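Numbering (the working numbering), first residue to last: 104 to 256.
Here a beta-carbon is modelled for each residue, glycine too, at the ideal position from N, C-alpha and C.
None of these values were measured; they are calculated from a predicted model.
One structure is given here, and the rest of the page talks about it.
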Ligand code: SF4
């Protein structure tokens, strides 16, 4: 007796077909490794996901928040994920219950890179001349490098 053919039934998309409760993925189980390398997880993105979120958790003071780090992270994210066009980012000061937010768009990438031109040139110069002069900062008092002139320990 011949098989009866019919179109496949049901959705082949992600299930459940509704908005996720959170943007961050949750991995509920891991396969056993059995002493051999094995794929431990798989991350799926829905096509057309053009927004990303970056949160930098800070344990220090929120007196002088420095969103430059967020801008740098946004540039890395834009470079790594070409489908992302907009990023909402924030510095979350966990001890002070404050959240400093920023937004970045792909069209502003050049402007963002311009803000790092100076430090990048200094870094390149140091690399090419193999010269790494010490640079005093308030953190020098915690530094373990006793041979440095700026060390205050
Ligand atoms: S004390 Fe430490 S952190 Fe400060 S400039 Fe010297 S090496 Fe750098």
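Between residue i and residue j, how many whole angstroms is the CB-CB distance? I'm expecting something under 8 angstroms.
i: residue 176; j: residue 192; result: 7 angstroms
Do residue j and residue i come within 8 angstroms of each other at the CB atom, strictly closer than that value?
i: residue 188; j: residue 153; result: yes
i: residue 241; j: residue 252; result: no
i: residue 233; j: residue 246; result: no
i: residue 161; j: residue 197; result: yes
i: residue 190; j: residue 155; result: yes
i: residue 209; j: residue 184; result: no
i: residue 120; j: residue 114; result: yes
Excluding the 5 residues preceding and the 5 following residue i in the sequence, name in chain order all residues of the same chain whose CB lies nearer than 8 angstroms to its CB.
i: residue 249; result: 256
i: residue 170; result: 192, 194, 203, 205
i: residue 159; result: 172, 173, 176, 192, 193, 194, 195
i: residue 218; result: 171, 174
Looking only at DSSP bridge pairs, what is residue i linked to?
i: residue 190; result: 155, 207
i: residue 167; result: For residue 167, which the question treats as bridged, DSSP gives no partner whatsoever.
i: residue 201; result: 196
i: residue 230; result: Paired residue(s): none; residue 230 is not in a bridge.
i: residue 239; result: Note: residue 239 sits in no beta bridge, so no partner.
i: residue 160; result: 195
Excluding the 5 residues flanking residue i on each side, which residues of the same chain have their C-beta closer than 7 angstroms to its C-beta?
i: residue 239; result: 253
i: residue 157; result: 173, 176, 177, 180, 190, 192
Below 6 angstroms CB to CB, which residues in the same chain sit around residue i once its five sequence neighbours on both sides are set aside?
i: residue 244; result: 255
Determine, using beta carbons only, whether residue i comes closer than 8 angstroms to chain C.
i: residue 198; result: Of the protein chains in the structure, only one exists, and it is not chain C.
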